[in-house]
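Numbering follows our numbering, with no gaps: position 119 of the sequence shown is 120. A short write-up of the structure that comes next.
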Amino acid sequence: MTDHADAGIAQRVRALETALEGRGIVDGAELDEILDRLLTGATPRNGARLIARAWVDAAFRDRALADAHGALSELGLSMDHGPQPQLLRVVENTSAVHNVVVCTLCSCYPLSLLGPSPSWYKSAAYRARVVRWPREVLAEFGLRLGDDVEIRVWDASAETRYLVLPRRPEGTPRCTEDELAALVTRAGMIGTAAV
Ligand code: FE
2 MTDHADAGIA QRVRALETAL EGRGIVDGAE LDEILDRLLT GATPRNGARL IARAWVDAAF
62 RDRALADAHG ALSELGLSMD HGPQPQLLRV VENTSAVHNV VVCTLCSCYP LSLLGPSPSW
122 YKSAAYRARV VRWPREVLAE FGLRLGDDVE IRVWDASAET RYLVLPRRPE GTPRCTEDEL
182 AALVTRAGMI GTAAV
């Protein structure tokens, strides 16, 4: 069964979440926390390790862009946590290109590298709007990109998932790999924040 075959279930779960939120029983942030606790091991620290290594090691960065799975295995990480193999692709931000990830159909996402997806990632509004108006949606997240920056929107699927390689922040030439990893956020690896 693919994630997209699960889309009906995902819709019902979203309807339930919305109903619970509407009655003030839970809120999206609370649900995210519960799932965070349930899914230990699936954490954005994993993705951050890959990003930090790519920042300090150009050859590793090249390998990650060409073969994300090979790069993951160098770090003892993997995407193999379900019955179906998932292809991961790392997409690199530059001064000219900014990448952002969405799953327009449901909520496909590299869970093992980013931890549970935030509730906004699963929202109909994000999924519909970021494709049409990426610049405006990113601005709503507080990320204002110049008109000269091309925005690429990657539509994840059950088969292929994406991880954004953010630009290394200014002023970090002396940072260690661990210090750099601590700067990387989940939103940065989805593409809705700079880092
Ligand atoms: Fe999906």
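Every residue gets a Cβ at the ideal spot worked out from N, C-alpha and C, and that includes glycine.
- Assess, as a yes-or-no matter, whether the region 95-114 is touched by the region 146-153 under the definition of 3 or more beta carbon pairs within less than 8 Å. yes
- Item | DSSP beta-bridge partners of Val165 | Val92
- Taking the alpha carbon of Val132 as the point to measure from, which residue in Pro119, Leu181, Leu106, Ala49 has its own alpha carbon closest? Leu106
- Backbone secondary structure at Val103 - three-state DSSP: strand
- Nearest to Asp273 by CA position, among Leu114, Arg128, Gly77, Val103, is which residue? The first residue shown for the chain is 2 and the last is 196, placing residue 273 beyond what the model contains.
- Between Gly192 and the rest of its own chain, which residues show a CB-CB distance below 6 Å, the 5 nearest in sequence each way excluded? Asn100, Val101, Val102, Val165
- Query: Do Ala125 and the ligand FE come close, with the Cβ less than 7 Å from some heavy atom?
  - Reply: no
- Query: For the ligand PLP, any of its heavy atoms closer than 7 Å to the Cβ of Ser158?
  - Reply: The model on display carries the ligand FE but not the ligand PLP.
- Boundaries (first-last residue) of the beta strand (DSSP E) holding Asp156: 151-156
- Since Val98 sits in a beta bridge, which residues does DSSP pair it with? Glu151
- Message: To the nearest angstrom, how far is the alpha carbon of Asn94 from that of Ala55?
- Response: 12 Å
- Query: Given that a residue counts as buried once 16 or more other Cβ atoms are within 10 Å of its Cβ, and exposed if not, what is Pro45?
  - Reply: buried
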